[in-house]
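Worksheet: one structure, shown below.
Written as structure tokens, this is what we have:
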């Protein structure tokens, strides 16, 4: 069914782009991080493109940690490797890697208006379209319907309510013998994911966005300190102490085996948690993340595909990039992985609404999502993010209060900034 | 002195001719070493004195010792010091590395010695035991780090499960996450992995010890503990010293295990990890090169110190 749909889209694409020009078969390499079922879905997705064009796709898999992926990509690109043609890139990487990628403006000019302008803008550096969006991302609060019902609780809308509900259910269930149950799992490892989680806490308490759009360092303030101290109080009470080493997949592991009441995670976990091997199948739902008093905040995520300028098969690679980011490609991804499309028309699509009800509900969440400060901090974003997550991780581990650590962080960030970002 | 005078008088001596031949035999090796060891080292030192970044390696400009230490006057008149030598993250990494090296080498030597003594004894199935003991050493570090990562996982890990069932702990421990236990976790895995290496090197030393000394000791009725300290230990000391120096060199530049098991934890970040982080993650290639250079210098200091102390002891033993 989806394959048929796919082929129709593909032939249209083939006619409208340079794709018809490639006479011989190439092998293009596509590098992607292995999170959840991303690799399997991609293998399925590229099949119709391979049939149509005669090219083949070699999928190169990378570790799930985005920091590890970035380090490897930077090395490959700095060395100008021709082995990889397409890179799947995080939304925050565009300013740092822009020099190494092909400008897609010309190739994609017909389809660009379909996408949300904010996403296209995030991938445009000095007028150059660095990557095509594959999907966008905004995290959700996953909750156990059955447990909330059992204890007569509402879905929490503030962090305070979440902590109280989680504590009550955790105590109640443990008394009933479920010793491994925890209230709330999230991503507390010292890596890019913690920057996302912590930015949400800080923003929802009215503590700003670390570095504001105009480049001012705003992180050292009372609200931000309160937000991070609140999170630190969860560790060991409603969240397992080990949450400080969890990335997305570890928290999903605890959640999907039925050992958590709440989880903060990206939409990809929705499809997996509904799978037949999931202990929480049919027992859970999602809601926007709670508020700290200044509204709910969700960090803008999302993945894109970029074509390496060192690639020997640029035409084939560009055609694959356009194919994967097309409406058909994004629909397939939405149905298979629960990823949010970057094409606004798909939020009204009946089939998506029926099979992945999360997606139409998520449009407004993601439209108000908070970007990480990758645009104002430019090439120094990684260092800023690492300093931020380290300061948060220290606080969560109990090394100093948030106020103390944020004061040091401000000093460090001033140093990194120097005279200008 | 007299030799030299004589050699000068009567043309090249046999000794000199042999030395010359030896030099020509060694030359290809020296050239290879220059390209694989000296050149990268010199290049790193050069990079550490420039402002190179990963995307701009070849047009880097010379900035002297700025990456190590620089003094800056702020517009407010305040003087600040910048550079690796005043970077608290760097000194934290140095301290972690030194702590890790001494603890791991200490435990590995003790356990390696015990294992070697067991393997040196005659018993049935000795060859199987020897092969089995080598398994941890044969597994690639990345694989064993990942494997232990899962075993030490707080929720699904087998270690916590065993300890809980034995009643040794009453709450699951987040081994790799908590700053108090992260270093212990790294040490456990490293000791597990590297003890066989130590055992093997010590075993080689043990097998050189002549059997008749033990026989003589047995006939004299000397207590086995005394035999160990008075006979075995002094005789295997040279082998032990070499084994320890190998391990110390290895431990001081530890990277893979820490990088996989406890990435980014400031409680375990070592010198190699932090220099890689600066070079690649933060795009401060020159700064990372400065840290690599310091890493090299620190290792050189430790090794010279060790050899110097070791030689003093050895000559004392020979007298």
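Chains as they are written, first to last, in our numbering: chain A, 617 to 1037; chain B, 16 to 334.
Ideal Cβ positions, reconstructed from N, Cα and C, are used throughout, including at glycine.
Within its own chain, the residues whose Cβ lies closer than 8 Å to the Cβ of residue 120 of chain B, once the five positions on either side in sequence are excluded, are 259, 262, 263 and 266, listed in chain order. Secondary-structure assignment with DSSP links residue 731 of chain A through a beta bridge to A:959. Within the same chain, and ignoring the five residues on either side of residue 999 of chain A in sequence, the residues whose Cβ sits closer than 6 Å to its Cβ are 1032.
Residue environment for residue 904 of chain A: buried (at least 16 other C-beta atoms within 10 angstroms of its C-beta). The alpha carbon of residue 223 of chain B has as its nearest neighbour, out of B:232, B:238 and B:252, the alpha carbon of B:252.
Taking 8 Å as the cut-off between beta carbons, the residues of the segment 798 to 823 of chain A near chain B are 804, 805, 806 and 807, in sequence order. In the three-state scheme derived from DSSP, where H, G and I count as helix and E and B as strand, residue 74 of chain B is classed as coil.
For the segment 191 to 206 of chain B, the set of residues with a beta-carbon nearer than 8 Å to any beta-carbon of chain A comprises 191, 192, 193 and 194, in chain order.
Chain B places no beta carbon closer than 8 Å to that of residue 1007 of chain A, leaving this residue out of the contacts. Per DSSP, reduced to three states, the secondary structure at residue 798 of chain A is strand. Out of B:52, B:37, B:69 and B:32, the CA that lies nearest to the CA of residue 302 of chain B is found in B:69. With contacts defined as CB atoms closer than 8 Å, residue 641 of chain A and residue 672 of chain A qualify as a contacting pair. Per DSSP, the beta bridge partners of residue 919 of chain A are A:706 and A:751. Cβ contact annotation for residue 778 of chain A (same chain, cutoff 6 Å, sequence separation greater than five): 772 and 906, in chain order. Close to residue 185 of chain B, with beta-carbon spacing below 8 Å, lies no residue of chain A; the smallest spacing is near 11 Å. In chain order, 169, 170, 187 and 189 make up the part of chain B whose C-beta sits under 8 Å from the C-beta of residue 856 of chain A. Approximately 14 Å separates the beta-carbon atoms of residue 685 of chain A and residue 921 of chain A; this is outside 8 Å, ruling out the contact.
Taking a 10 Å sphere around the C-beta of residue 49 of chain B, we find fewer than 16 other C-beta atoms and assign the residue as exposed. DSSP, read as helix, strand or coil, puts residue 1001 of chain A in helix. Runs of the alpha helix (DSSP H) lying entirely within the segment 662 to 719 of chain A and spanning at least 4 residues, in chain order: 682 to 694 and 710 to 713.
Among the residues of the segment 281 to 292 of chain B, those with a Cβ less than 9 Å away from any Cβ of chain A are 281, 282, 291 and 292, in the order of the chain. Secondary structure of residue 645 of chain A (DSSP, three-state): strand.
Assignment of residue 901 of chain A by DSSP, reduced to helix, strand and coil, places it in the strand class. Close to chain B, meaning a Cβ-Cβ distance shorter than 7 Å, are the following residues of the segment 704 to 728 of chain A: 715.
In summary, the residues of the segment 57 to 72 of chain B whose CB is separated from some CB of chain A by less than 8 Å are 69, 70 and 72, in the order they occur in the chain. A Cβ-Cβ contact shorter than 8 Å links residue 745 of chain A with residue 721 of chain A. Approximately 5 Å separates the beta-carbon atoms of residue 191 of chain B and residue 861 of chain A; this is inside 8 Å, confirming the contact.
For the C-beta of residue 117 of chain B, not a single chain A residue is nearer than 7 Å; the gap to the nearest is close to 23 Å.
Closest by C-alpha distance to residue 725 of chain A, out of A:938, A:993 and A:1015, is A:938. Short of 7 Å from the beta carbon of residue 708 of chain A, and not among the five residues preceding or following it, lie these beta carbons of its own chain, in chain order: 988, 990 and 997. The contact set of residue 687 of chain A on chain B, defined by CB atoms closer than 9 Å, consists of 291, 292, 295 and 296 in chain order.
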